[in-house]
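Trainee: Residue numbering for the sequence shown follows the working numbering, starting at 3 and increasing by one per position. Glycine included, C-beta positions come from ideal geometry on N, C-alpha and C. Quantities reported herein were computed from a predicted structural model and do not represent experimental measurements. Let me begin by handing over the structure; questions about it come next.
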Amino acid sequence: MDNKIKMPVYKLLADKLCDRIAALNLEDGDFFTTIKDISSQYNVAVLTARRAVEVLQKNGIIICKAACCIFVKSAAALAAVRARKNFILIIDDHSDGSRMVSYWAMRLCSILEVFSNAGFSVKISNSNE
Numbered sequence: 003m004d005n006k007i008k009m010p011v012y013k014l015l016a017d018k019l020c021d022r023i024a025a026l027n028l029e030d031g032d033f034f035t036t037i038k039d040i041s042s043q044y045n046v047a048v049l050t051a052r053r054a055v056e057v058l059q060k061n062g063i064i065i066c067k068a069a070c071c072i073f074v075k076s077a078a079a080l081a082a083v084r085a086r087k088n089f090i091l092i093i094d095d096h097s098d099g100s101r102m103v104s105y106w107a108m109r110l111c112s113i114l115e116v117f118s119n120a121g122f123s124v125k126i127s128n129s130n131e
C-alpha cells in the first residue's frame with residue numbers, strides 16, 4: 003500500500019497558477035489568461051483547468067469575466083495564500099520542566115530546523131499567549 007498523500011491534479015495546477023501570477027508580477031485588474039490557454043499550456047482537461055480556477059476564485063485571487071477570461075482580483079490575497087502554504091504552527095503546552103519534556107523539545111527543535119531549511123515558516127506558540 004502506498005502511504006504517500008496524493009494531491010488532486012486541479013490543486014497542483016492551482017498552485018502552479020499562483021506561482022505563475024506571482025512570477026509575472028501581475029497586479030489587481032491585470033489580465034491573466036483563459037481556461038482554454040490553461041488547458042493547453044498545462045496539458046490538462048478543460049474541467050481540470052476550471053476546477054483549478056475555482057480554487058483561486060474561492061481564495062479571492064482571480065475573477066473570471068465573460069465566461070473564460072481570467073483577471074487578477076487581488077494580489078494581496080495571493081500573497082496571503084502563498085504565505086500560508088508552507089507554514090507550521092506548534093502549540094507548546096508542556097512546561098512542567100521534566101527531563102522528558104526537555105528531550106522532546108530538543109527533538110522538536112531539530113525537526114523544525116529541517117522544515118525551516120526547506121522553506122517552511124515555523125512559529126512556536128505557548129498556549130497561554
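(1) Can the beta-carbon of I65 be found closer than 8 Å to that of A79?
(2) Can you check whether the CB of C111 is closer than 8 Å to the CB of L1?
(3) How many Å lie between V11 and Q43 at the Cα?
(4) Taking the alpha carbon of F73 as the reference point, which residue from M108, L114, L26, V83 has its own alpha carbon closest?
(5) State the CB to CB distance for the pair L15 and T50, rounded to an integer number of angstroms; the pair is presumed to be in contact (CB under 8 Å).
(6) Measure how close the beta-carbons of A77 and D30 come, nearest whole angstrom, since I'm counting them as under 8 Å.
Mentor: In this structure, then:
(1) Going by C-beta atoms, I65 is not nearer than 8 Å to A79.
(2) Any answer about residue 1 is impossible in this case: the structure gives the chain only from 3 up to 131.
(3) Rounded to the nearest angstrom, the two C-alpha atoms are 14 Å apart.
(4) Comparing Cα positions, the closest option is L26.
(5) Between T50 and L15 the Cβ distance is about 6 Å, and since that is below 8 Å, they are a contact.
(6) Confirmed, about 6 Å.
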